[in-house]
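Each position in the sequence shown, counted from 1, maps to that position plus 870 in our numbering.
Note that beta-carbon positions come from the ideal geometry of N, C-alpha and C, so glycine has one too.
Bear in mind the structure is a predicted one, so any value in this text is a computation, not a measurement.
Structure first, then comments.
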Amino acid sequence: AGFVVSVLGLLLLLTLLGIAISKGAARLPRPTSPLLRLAIANLHRPGAQTGRLVVALGLGLTLFATLAVIQTSLNAQIESTIPKRAPSFFALDIAKEDQQRFIDTIKAIDPKAQIKTVPALRGPVVEVAGKRVADMKDIPEEAWFLRGDRGLTFADQLPEGSRLTAGAWWPADYAGPPLVSMDERAAKSIGLKIGDPITISVLGVEIAARIASFREVNWDTLGFNYVLVFNRTALDSAPYTLASTIVVDPIHEPAISRAVSGGFPAVTMVRVKDVITEVGTLLNQLAKAIAAAASVAVAAGIAVLVGTISAARRTRSYDAVLLKLLGATRGQILLVQAMEYAVLALLLSFIALGLGSLAGWLLTTRMFDLDWMPDWPLVIATVAAGGLGTLALGLIGAIPVLRTRPAEALRSL
């Protein structure tokens, strides 16, 4: 539904821009060059199809510009930024009693390995601010942490990659009633405040805690980021395992994977590079789907352009005859057509670049929650190629008009 509304809004905006271009062309100061004056007049003359062409071609070019912005931003994020921050492995389900042996096994292969472990539990949120989650209706999409089991952990210190935005962190030796620190966006999605109670269930045992702070979580770190982080004494009596991020020299990755698989059968090792590659593949498939949709829109725009040229051929032929009778050469008539479509292609390119950049920024930063990193030369080249295609089709459509002979045209009057 959101996509359909967005496309309809884009069509309405392009319609208004088409009207504005026609009226703006009519109000421009008259150029001193008669050929340029005639080319601009063709954009607003009675029966001009400028508005239709702006809508039909503008939609396809805008979609291609949006695709170029999104794809280059995502590729830059995956290929450069994320690999620099990503660990080599995620290790899950490490038994508490095996922690030191696990670390020693990895260090024996790569003494410079960086290993960080956190307690890991799972359980659903069953009550927030006195309301049972099971009784809540119309849970906002942003409150995804209320759906199903959630990853839970406890910590004495503020987790790496988090920043306190409200409240205070508990002392390292805190042993009072259970406290929890929440992701700020998740908490605000359902109107939670500092001091509100929240209850989770771990293996059927409900644990009630009070919200002590809100955090801004940097999910791009690719570490273990949790919506809910409790104080140690709130959960350390519950059964839990450990999760670990492991950073090693790439040359040691195969040996470490084999050593962990053989020595710790219950531990799940996730190679981050494989995940990133899979994500890249999925994004490329998504990009191909968007490109296919954009191609359909461009094809429709080309069909409208061809239809417009065919429908206006009689009028254009009549204009060409008059210009030839007044002494214009074929080259001058072709130049008028070229300038007309060049102005239209230039305007369409600027419109597509502006709208596509805005749409790409919104999707990249709001929907995907990633950095804005478009490859501007590639984006501009994509839009320019579309503009040149418009110009080329316009000139191809002008060829039959140039062949019109004045004598034949006058006999048919």
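Quick check: the region 1016–1025 against the region 971–980, are at least 3 beta-carbon pairs closer than 8 Å? Touching, no, given that fewer than three Cβ pairs across the two stretches are closer than 8 Å.
Sequence-distant residues of the same chain with beta carbon closer than 6 Å to A909, five excluded per side: Once the five neighbours on either side are set aside, the close Cβ partners of A909 are V1206, M1209, E1210.
At the level of alpha carbons, what is the spacing between N945 and I1203? The C-alpha of N945 lies about 45 Å from the C-alpha of I1203.
Burial state of I1269, where buried means 16 or more other Cβ atoms lie within 10 Å: I1269 comes out exposed.
Out of G1256, L880, A1079, F1100, which one is the CA nearest neighbour of S1165? Per the Cα distances, G1256.
In whole angstroms, give me the CA-to-CA distance for I1146 and P1120. Roughly 15 Å between the two C-alpha positions.
Count the other C-beta atoms from every protein chain shown that fall within 10 angstroms of the C-beta of T1085, then say buried if there are 16 or more, exposed otherwise. Residue identity check: residue 1085 is Arg in the sequence provided, not Thr. Around the Cβ of R1085, a 10 Å sphere holds 16 or more other Cβ atoms; the residue is buried.
Considering D1019, what are the terminal residues of the beta strand (DSSP E) in which it resides? Secondary structure note for D1019: its beta strand (DSSP E) is the uninterrupted segment 1019–1024.
Which partner residues does A1079 have in the DSSP bridge list? The bridge partners DSSP lists for A1079 are I1068.
In three-state terms, what does DSSP make of A926? Assignment of A926 by DSSP, reduced to helix, strand and coil, places it in the helix class.
CA-CA distance, L880 and I948? In this structure, the straight-line span from the alpha carbon of L880 to that of I948 is close to 29 Å.
Please classify R1186 as buried or exposed, where buried requires at least 16 other C-beta atoms within 10 Å of its C-beta. Around the beta carbon of R1186, 16 or more other beta carbons sit within 10 angstroms, so the residue counts as buried.
Supposed contact pair A1079 and P1048 - C-beta distance, whole angstroms, cut 8 Å: Correct: roughly 4 Å between the Cβ atoms.
Cβ-based burial, M1052 [other Cβ within 10 Å; buried from 16]: So M1052 counts as buried.
Since A926 and M1139 should fall inside the 8 Å C-beta cutoff, what is the C-beta to C-beta distance between them, to a whole number of angstroms? Not quite, the Cβ-Cβ distance comes to about 53 Å (not below 8 Å), so this is no contact.
Does DSSP put T902 in a helix, a strand or coil? DSSP places T902 in coil when its eight states are reduced to three.
Can you tell me where the alpha helix (DSSP H) with P1124 in it begins and where it stops? Its alpha helix (DSSP H) spans residues 1123–1133.
DSSP on F1100, reduced to helix/strand/coil? The DSSP-derived three-state label of F1100 is strand.
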